[in-house]
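Counting in our numbering, the sequence shown runs from 695 upward without gaps.
Note that the Cβ used here is the ideal one computed from N, Cα and C, for glycine as well.
Keep in mind that this is a model prediction, so the values were computed, not measured.
Read the structure below first, then the notes.
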Amino acid sequence: MEPNERHALNDQALRRRLAIDCGSCCGLCCTALYFAKSEGFPADKSAGKPCKNLLPDHRCAIHGALKARGLKGCLAYDCFGAGQRVTARTFGGRSWTELEEERETMFAAFLSVYGLHQMLWYLLEAASLRLPDALRAQIGGMIGEIDRQADAPAAALAALDPGVWRGKVNPLLHAASETLPVNPGKPLPRDLFGRDLRRFDLSGRDLSMALLIAADLRGCTLRGSNLLGADLRDARLHGADLSQAVFLTQAQLNAAAGDGKTKLPASLRRPATWT
Numbered sequence: 695m696e697p698n699e700r701h702a703l704n705d706q707a708l709r710r711r712l713a714i715d716c717g718s719c720c721g722l723c724c725t726a727l728y729f730a731k732s733e734g735f736p737a738d739k740s741a742g743k744p745c746k747n748l749l750p751d752h753r754c755a756i757h758g759a760l761k762a763r764g765l766k767g768c769l770a771y772d773c774f775g776a777g778q779r780v781t782a783r784t785f786g787g788r789s790w791t792e793l794e795e796e797r798e799t800m801f802a803a804f805l806s807v808y809g810l811h812q813m814l815w816y817l818l819e820a821a822s823l824r825l826p827d828a829l830r831a832q833i834g835g836m837i838g839e840i841d842r843q844a845d846a847p848a849a850a851l852a853a854l855d856p857g858v859w860r861g862k863v864n865p866l867l868h869a870a871s872e873t874l875p876v877n878p879g880k881p882l883p884r885d886l887f888g889r890d891l892r893r894f895d896l897s898g899r900d901l902s903m904a905l906l907i908a909a910d911l912r913g914c915t916l917r918g919s920n921l922l923g924a925d926l927r928d929a930r931l932h933g934a935d936l937s938q939a940v941f942l943t944q945a946q947l948n949a950a951a952g953d954g955k956t957k958l959p960a961s962l963r964r965p966a967t968w969t
């Protein structure tokens, strides 16, 4: 097997570990995080307090009714696999309910690993691009460093400053973004709130950090579009082609609306709430 093939297989295995597996987690996102009812969660909730709908077995009592209740915050959230990693690997399968003195450490470790896993996702996206060899090697090395950091002891993870790692990762993502083919058309504004962009060819567009809340993107082609940090809440993606969009995350899709005709990258799943 050639080195590039082994690298691709390793990337695929890591991507699978960045997909959520709620059955292997102890409800950390429903406990460690702060919730606000105004942001689409069941009620206002302070960090470290379990959601009122969290069952003793760490499942959600209203999971099947989230869409009907309009709980968009719950539907959109994705921990990039941090929950199961902290539960199974950092704490050896123990739940926060079993921990007294270490409970806050577990919650802090979860937040740190969430940040690290999010960076890993973006780095893997960058690594899939056609990059100069030197940049590819830098990104590959950073992927290894961050993955090893996520396996640090609980106390080290709890004390970790993800901002330090973002300072290392962001220049690499910027350099990778610069290699993307650019659409020669007129640049689009960052504020596209509610805009009707139906059937636009947005291939090769830089939509990073764009405000696409409630934008109508039905039938659009977004091959090679940079969606890093774009806000897709309530964006209409029915029939759109995002199969080759870059830096797209599951959380962005979860927050949007689409259908069976929406084309997605192989590494992402179609949200169950889509029609």
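In this structure, does DSSP put M695 in helix, strand or coil?
-> Stepping through the sequence shown from its first residue, residue 695 is reached at position 1. Low per-residue confidence applies at M695: pLDDT is 39, beneath 50, and the placement is therefore not dependable, though the value from the model is reported in the following sentence. Three-state DSSP puts M695 in coil, outside helix and strand.
Does the beta-carbon distance from G918 to G898 come in below 8 Å?
-> For the purposes of this step, residue 918 is taken as the residue at position 224 of the sequence shown. For the purposes of this step, residue 898 is taken as the residue at position 204 of the sequence shown. Closer than 8 Å, so yes.
Any alpha helix (DSSP H) of 4 or more consecutive residues that is wholly inside the region 777–837 = The qualifying runs are 797–821.
For T915, the residue or residues it bridges with in DSSP = Reading the sequence shown from its first residue, position 221 is the one you call residue 915. Bridge partners of T915: D895, D935.
When we look at the beta-carbon of F804 and count the other beta-carbons within 10 Å, is it buried (16 or more) or exposed?
-> What you label residue 804 is simply residue 110 of the sequence shown in a count that begins at 1. The residue in question, F804, is buried, as its Cβ has 16 or more Cβ neighbours within 10 Å.
Below 6 Å CB to CB, which residues in the same chain sit around G809 once its five sequence neighbours on both sides are set aside?
-> Here residue 809 is taken as the residue at index 115 of the sequence shown, counted from 1. Sequence-distant Cβ neighbours of G809 in its own chain, meaning closer than 6 Å and more than five residues away, are P856.
How is K955 classed by DSSP in three states: helix, strand or coil?
-> Within the sequence shown, residue 955 is the residue found at index 261, counting from 1. Coil.
State buried or exposed for Y728, treating a residue as buried only when at least 16 other CB atoms are found within 10 Å of its CB.
-> Numbered from its first residue, the sequence shown carries residue 728 at position 34. Classification for Y728: exposed.
Is DSSP giving C724 helix, strand or coil here?
-> The count along the sequence shown starts at 1 and reaches residue 724 at position 30. Reduced to three states, the DSSP call for C724 is helix.
Would you call the region 701–720 and the region 814–823 touching, i.e. three or more CB-CB distances under 8 Å?
-> The count of Cβ pairs closer than 8 Å, one atom from the region 701–720 and one from the region 814–823, reaches three, so the stretches are in contact.
Might you give, ordered along the chain, the residues of its own chain that have their beta carbon closer than 6 Å to the beta carbon of F894, omitting 5 neighbours on each side?
-> The residue you call residue 894 lines up with position 200 of the sequence shown. Non-local beta-carbon contacts of F894 in its own chain, meaning distances under 6 Å to residues more than five positions away in sequence, involve C914 in chain order.
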